[in-house]
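Reviewing the structure listed below.
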Amino acid sequence: MSNLIDDDPRIIEFDVRTDEMLVNMGPQHPSTHGVLRLVLRTDGEIVSETEPHIGYLHRCAEKIGENVSPRQWIPYTDRLDYLAAMNMNLGWALTVEKLMRHGVGEKARHLRVLIAELNRIASHLVGMGAYGLDLGTFSPFLYAFREREKILDLFEEACGARLTYSYITVGGATADLPSGWLQKCEAFLDQFEPIIKEYHALLTTNAIFVKRTAGVGVLSREMAIDYGCSGPVLRGSGVDQDMRRDGESLYTGMYDGYAFEVAVQKDGRYPRDHTYPSVPKEVVLGDCWHRFFVRMLEVVQSMDLVRQSIDRYAACREPLGEPLKLAEKLPVGDAYLETEAPKGQMGFYIVGNGTSIPWRVRARSSSFSNLSVTHELCRGCLIADVPAIVGSLDIVMGEIDR
Amino acid sequence: MADFLIGLGLPGWLAWSIAALVAAILLLNVIAGGALVFIWAERKIAARIQDRLGPTRTGGRFGWLQSLADGIKLLAKEDLMPEGADGLLFRLAPYVSFCASFCAFIALPFAFDVVGQRLNVGVFFVVAVLGLEVFGVILAGYASASKWSLFGAMREAAQVVSYEVPLGMCVVVPVMLAGTMDLVTIAEKQSGWMSNWYLFHDPFTFVIFWIYVTCAVASVNRAPFDLAEAESELVAGFHTEYSGLRWSFFFMAEYGSMFLVSALAAVLFLGGWNGPVPVAQLVGLSEGTGDSAAYFVRLLGLANLIGKATFGVLLMMWVRWTLPRLRIDQVMTTCLKYCTPIAAVMFAGAMFWQLFLPGGLLPGWSRPAGEIREGWLEGPGGLPATSAPAVVRSAGVAAAEPSDSSGLAKRSPR
Amino acid sequence: MTGMLDMDISSMTHVIVPALATTALPALPMAGINWHSVLFLLFAGLACGFAVGVVAADNVVRMALYLVFSLGATAGLFFLAGAEFLGAMQLMIYVGGTLVLLVFGVMLTAQAPFVSIKPSSSDRTLAAVAGASLLALLLTAAFSVDAWMAPGAGVVPAPTATPLGMALVGVRVDTPPSGSPSGGHAGYMLPFEIVSVHLLVVLVGAAYLARAKRRRTPRAIDAVASAMPVEPAVVATAAVVAPGRPTGGAKSALVGGGR
Amino acid sequence: MMNVSVAASILPSGLPLPVSFGMIPLFAANPFTEPVGVIHYLIVGAVLFTAGIACMTLKRNALGILMGIELVLNGANINFVAFSSSYLRAEGAPTLGLDGQVVALFVILLAAAEAAVALAITLNFYNNHATVDVDRADDLKG
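From first to last, the protein sequence lines are chains A, B, C and D. Per our numbering, the very first residue in the first sequence carries number 2; after that it's consecutive. Per our numbering, the very first residue in the second sequence carries number 21; after that it's consecutive. Per our numbering, the very first residue in the third sequence carries number 179; after that it's consecutive. Per our numbering, the very first residue in the fourth sequence carries number 1102; after that it's consecutive.
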C-alpha cells in the first residue's frame, strides 16, 4: 500500500506541517554580535530563509573621512572593528603611506608587526569566548577575557587606551614602547602558552561542542570564494590564502624575514597539528568547527610572530621615525591596499586631490562579505544552529555598518 | 503531633487539621530553604568554575545573604503582563508548575518515620506528579503571546514528555529489587553498610543509576538539556515575559524539582537516610523506639538524605557551568536512541540477575532476595510458584495490619 | 487555588483515615468532622465545577486547562476511594500523557480564528435541556437502588498496588482461593497482553496518519505564505499569523521591524 | 445539589416519577460528618458523564469533542472505582473488588490510544483543510 502513496506524484509527504512563521532574531537579540537583525522564515523548527538587516550601527565614517586629514581619521578606523583597532590603524596608515610613497623605518616596521599580531590574539580570544556563549556554555567566555585583559594592560602601557588605541599612525607610531614593556610582553607569552590547552579541553575537543558544530553550516570552497569571504572563514573551507603572504608587496614587505605558515588544512593536515588535538572524524571541511579551529591555530601562529618581532625590535637601535605632519599635502591620485585583519581582508581606499584633505575615503569590510553567506548556510538548519553559524563567522557590526 | 494537640483540649478535627498544616508548611520550607541555599551555592560554584569570586559583599565575606537580596529584588519588581497575553492562563502557569514540584515532596521519606505521607505507591506518585510540571510550562509559553516563548514551551514539553519514558524505566529497577513501591521500605532495605545500597547491588543497577541521572537532569531542564531557556536562541524561553514574583515561582519550581530528583536518586539508589557506615546500629541505638535516642538517629538520617540530595544538586550545577547546550534534535536522539534502549537492556539484565543470583555476588548482601512480596505470598521460594496453591493472606487479616508492609519493617536488622 | 494544590493536601490527609498508616487510629474517623467526607466534597466540587467549566468555556485552551484540573480532581477521588494505584495511574497516564497530547494538538491547531468558535445560543439551550434531562434520568436510576444509598462502612481497603500487579499477570491474590490455581476469579493476563499490543499498533498508526500527506495543488494557506516576500512590509493576512493571540506579539513583528 | 433541583423543576410535574426526590436522606445531616457512600460517587460520575455528552454536542472545535469524550470516559471510571471500593460500601456488601479497578485501568490505557488516533485525524484534517471547525467538514455531503 505504501508504494501507492510514494508513486503518486500529486502527494508530497513530510512531517506535520505547522504554519510558516516570520521570526525576528535581533536587533537586540543576546546572541547576535552587536546590532544585527535576522529575519528568519521558519516552518516549525526548520529555518527556510534568513535575511540579515544591517545599518543599525552606521555612523557615516567614510563621509567624515572627506572632511578631515588622514591622520585625523585614524580614531575613526579604531571604531570600525573595535575588537582589533590596531589592525585597522595599520591598514589605513599603510594605504596613506602607499599614496604618498612614504617608507617607514625598520624599527617602526617590527613594532607594527608586534602590535598587530598581539591585537589579533586578543580579537580571536573574544571570538572564541563569544562562540562558547552562542552554544550555551558561559565559562570559556570568562577564561578568554581573563587573558585578553592582560593584552589590554600591555596596550594601555604602550598607548594609554584599552580599546580604541589610535597608536599606529601614518609614518610609524605615535610613541615608542616604554622600557621594560618587551619583558612584560615576553612574560605574558610564556604564561599564555600552556593555557591554550585549557581552551582546547573546554571547547575544541568537548563532545557536545563537536556535536553542535561538526557538519553545521558547511561552506564549500567555491561558495566561499564566490561570496568573497576572507580570513578564518575562507581558510576554514580549505582555501590556502593569507594576505600576509599573498598580499601586496608593500604589506607583505612588513613580514619578510618572519617565518610563519598559513593556518589552513592542506591535503587533510594542518601545518602544526602535532601540538594540537587531532581533528575529530565527524567534522567536515568548511563547517563551524573548522572555522573555530583555524582561529585557535592563528592564535599560536601570532604568538610565534610576536616572539620573532620582539627580538627584531630589540635589535634596532635607531629612534622611531616621526609620524606624518597633520597638514601634509596629499598627491593627486588614489591608493587601495588590503591587509589581513583578524576577521579577514580589510581594504582601505583613498583618493587625494593635492590638498591635505582626501577627496574620497572608502573601507572594504571583511565581515560584510562573510555575513552575506548566512542565507546559504542557514537554509534548512534548525533555529538553534543559526546563532552557531553566525557566531562561527565572527562578524563585528561596527565594521559592517561603518 | 495530633495527639499532643488533642491532649491540649483542642477538638479532634482541629488538632488533625493543624497537624496536617504544620506538615505542609515544613515541606514548603524544605523547598524554600533549599532554594535559598542553592541560589547562593549556584552563584559561588559558577564563580569558582569561572575563576572568579562570586558574591562577596552581601552579608559578610561569603555573600551568603545574596539569595535574600535576590528575593527582595524579585518581590519589589513589577509583575508585568504582555498586552496580548491571556490573563487567566498567564497568572496561573507559575503556580501550576510550582504545585507540581511541591506535590511530589509528600511521598519523600527524609528519615525513618519522617515522611509527609507514607504512600504505598510512593515512587509511582512522585514520577506521575513530576510529569505534571510540563503543564505550567506549556501554559506560560502559550499565554505570553510571543513566538519565542511558544517555541520554548513546545521544545520543553516535547523534551520532558519524552524523557519520562527512560526515567520511568530506571525507577522501576529499584522497585523490582525491593519488591515494593513504598519509598520508606525501599530505603529500609538498603540499611546497613554501604555495600547494601542498590547502587552496588549488581552491575546493571549501577548503569541504570547513571542513566537515571542523565534523564533526571533532562526532565528537570538543567545543564546540557536546558533547551527551554536557551538564552542564545530563544532569549529566555517560556518565562521571557515573566518578572518579579511570578518569575520567582518558576525559579522555585526548578530548584524544588532539582532537589526532589536528586533526593529520589538518593532514596532509590544511595540508601536514603542510611549513611555509608551504619553509625546508629554500631552504637546500638534504634529508630523504632520513641525515646530521644531515636530522635537523634532520625536526625542523623535526615542529615544523610539531605547531604546526598545536595550532592546531586551540586553535581547538576557543576555540569551546567562546564558543558555547552545540546540542540533539540540531539536531545531527542539521546533520549530515544541512547537512554531508552540502554535502560531497557539494563532493566532486563537486573531482572535476570534478581532471578538467577538472588544472593548477589557481594557477601555482605545477607538478606534472602526472595523476600516476602509485601506479605502477600508466602510460597516456598517466595516467588509465586504457579503449581503450589499459594497461601494467601485474606483481605481481612490485611486490614488489621493496614498499608505498610510492616512484616518487613519489624524484621529488618535493627 | 488550583485543583492540584488541594489534591496534595488531600493526599496528605486522605489516607490517614482509610490507610491508618502508623498511628493506631480507629478505623472510623473520630467524632466531629469526617475528614474523608470533607475532602470528598472538595474534590467532587472541583471535578464537577471544572467539568461544567469545560462545557461553558469557548476558548479551546481554557477548555484544555479546565479538563486538566477536572481529571486531576478525579484522581483525588480515586485516592479517596482507596484505589491509590489507579489514582497515580490516572495522574501519570491520563493527565500526564493523554492530556499533554491533547494540549499539543490544541497548540498546533490553535490559530487565531479557531481559538474560540462560539456556538450559537440555540445550540446552548438545546444542549442544556438534553444534559439536564439525561442527568435527571441517571440520578433517578442511581437513587432507585437502596443498597447504594447506605453510607460507607469505612472498612479500610488493603493497598492495591501489588494485588493489581499480580492480577494483571494472572494470579488473583485478593480473593479467597477456590481450588483453581488462579484462585477464583480469572486473572487478566490475556487482556493485559492484548492492550499492550493494541497500544503499540494504535500509536504507530497514529504517527503514520499524522504525517501530512497533501495534494500537489496548493492550499489557500500555501498561496498566501509563498506570495508574501520575506521583507514583512506588507501585513500578512490572518491565515499566516503565528499561533497565539489574534493581537499581540505576532502581529507587531510582521508590521515592519523599525517601529 | 444544584443539578438535581434544576432537573426536578424542568420535568413536567405530571410525569409519574419512580421515586420522589424529596426522599433524599443523604445530605439531610451535616455533610461534613456523614461518611461518604457509593451514591455520592455515582452523582459525581453522572455529572461528569452529562458534562461530557453536552460538550460533545455543543463544541464545533474537533478538539472540544475530544475533550467531551475524555469526560465521558472519566465518568464511567468513577463509577467503576466507586463499586470496587470496600470503604464506600456497607459492611459485607458485595463489591466489585479488584475487577473494578482493573477495568478502570484498561479504560485509562485505551483512552490514551483513542486520543492519539483522534488527534492524528484532527491534525490531518487541519493540514488538509486549514480548519478544525467540524461544521465545515462537509466534503462528503451530497
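Glycine included, C-beta positions come from ideal geometry on N, C-alpha and C. Since we're looking at a predicted model, the values are computed, not measured.
| query | To which residues of the same chain is Pro186/B closer than 7 Å at the C-beta, ignoring the five residues directly before and after it? | reply | Ile231, Cys235, Cys355, Cys359, Thr360, Ala363
| task | Kindly indicate if chain C contains any beta-carbon less than 8 Å away from that of Ala405/B. | result | Residue placement at Ala405/B cannot be trusted, given a pLDDT of 35 that sits under 50; what the coordinates show is reported in the next sentence. No, because no Cβ of chain C sits closer than 8 Å to the Cβ of Ala405/B.
| Start-to-end residues for the alpha helix (DSSP H) that takes in Val307/A | 289–316
| Which residue comes first and which comes last in the beta strand (DSSP E) that contains His54/A? | 47–54
| message | Rounded to the nearest angstrom, what separates Lys330/A and Arg72/A at their Cα positions? | response | 12 Å
| task | For Phe144/B, decide whether its Cβ has a neighbour in chain C, counting only Cβ atoms nearer than 8 Å. | result | yes
| query | alpha helix (DSSP H) containing Gln192/A: first to last residue? | reply | 182–200
| query | What residues of chain A sit near Thr342/B, judged by a beta carbon separation below 9 Å? | reply | Thr138, Ser140, Leu203, Asn207
| query | Is the segment 89–107 of chain A close to the segment 343–352 of chain A, with three or more CB pairs under 8 Å? | reply | yes
| Span separating the alpha-carbon of Thr340/A from that of Asp349/B | 41 Å
| query | Under a CB-based cut-off of 8 Å, is Arg1237/D close to chain C? | reply | no
| message | I need the boundaries of the beta strand (DSSP E) containing Asp44/A, first residue and last residue. | response | 38–44
| query | Expressed to the nearest angstrom, what Euclidean distance is found between the alpha-carbon atoms of Leu94/B and Glu261/B? | reply | 14 Å
| request: Would you kindly check if the distance between the Cβ of Cys289/A and the Cβ of Thr51/A is under 8 Å? | output: no
| query | Does Asp1240/D get closer than 8 Å to chain C when you measure Cβ to Cβ? | reply | no
| Proximity below 8 Å, CB of Glu118/A to CB of Leu306/A | yes
| field | Proximal residues, the segment 330–360 of chain A versus chain B, C-beta separation under 8 Å | value | none
| said: Buried or exposed for Cys61/A, going by 16 or more other Cβ atoms inside 10 Å? | reply: exposed
| Cβ neighbours of Gly212/B in the same chain (closer than 6 Å, five flanking residues each side left out) | Pro298
| request: Give a yes or no on whether the minimum CB-CB distance between Tyr144/A and chain B is below 8 Å. | output: yes
| task | Can you pull the chain C residues whose beta carbon is under 7 Å from the beta carbon of Asn140/B, in chain order? | result | Glu262, Pro337, Ala339
| query | Ordered along the chain, which non-local residues of its own chain (more than five positions away) have a Cβ less than 6 Å from that of Ile228/B? | reply | Cys190, Val193, Met366
| Between the segment 259–288 of chain C and chain D, which residues of the former have a C-beta closer than 8 Å to a C-beta of the latter? | Ala259, Gly260, Ala261, Phe263, Leu264, Met267, Gln268, Ile271, Tyr272, Gly275, Thr276, Leu277, Leu279, Leu280, Phe282, Gly283, Val284, Leu286, Thr287
| field | When Arg345/B, Phe316/B, Gln70/B are compared against Asp133/B, the one with the closest alpha-carbon | value | Phe316/B
| query | Short check: CB of Gly229/A to CB of Ser70/A, under 8 Å? | reply | no
| field | Listed by chain order, chain A residues near Pro244/B by CB distance under 7 Å | value | Ile209
| said: Starting from Leu58/A, trace the beta strand (DSSP E) in both directions and tell me its first and last residue. | reply: First-last for Leu58/A: undefined, no H or E at that position.
| field | DSSP beta-bridge partners of Phe349/A | value | Leu338/A, Ala364/A
| said: For Leu346/B, which residues in the same chain have their Cβ closer than 8 Å to its Cβ, ignoring the five residues on either side in sequence? | reply: Pro244, Phe245, Leu247, Thr354
| said: Please list, in chain order, the chain B residues whose beta carbon lies closer than 7 Å to that of Met22/A. | reply: Lys167
| task | Could you list which residues in chain D have their beta carbon closer than 7 Å to that of Gly330/C, in chain order? | result | Pro1136, Val1137, Gly1138, Tyr1188, Leu1189, Arg1190
| said: Assuming the contact rule is C-beta atoms closer than 8 Å, Leu1164/D and Thr276/C should be a hit. Round their C-beta distance to whole Å, please. | reply: In fact, because the Cβ distance is near 12 Å, the residues do not count as touching under 8 Å.
| said: Could you tell me the alpha carbon to alpha carbon distance between Ala199/C and Arg138/B, rounded to whole angstroms? | reply: Note that Ala199/C has pLDDT 35, beneath the 50 cutoff, so the model's placement of it is unreliable and no number is given.
| Which residues does DSSP pair with Thr360/B in a beta bridge? | Bridge partners of Thr360/B: none, in fact.
| query | So, are the CB atoms of Ala259/C and Leu1189/D less than 8 Å apart? | reply | yes
| Among the residues of its own chain, which have a CB less than 6 Å from the CB of Ser252/B, if the five just before and after it don't count? | The predicted model places Ser252/B with a pLDDT of 48, which falls under 50 and marks its position as unreliable; any figure quoted below should be read in that light. Counting only Cβ-Cβ distances below 6 Å, and skipping sequence neighbours, we find nothing.
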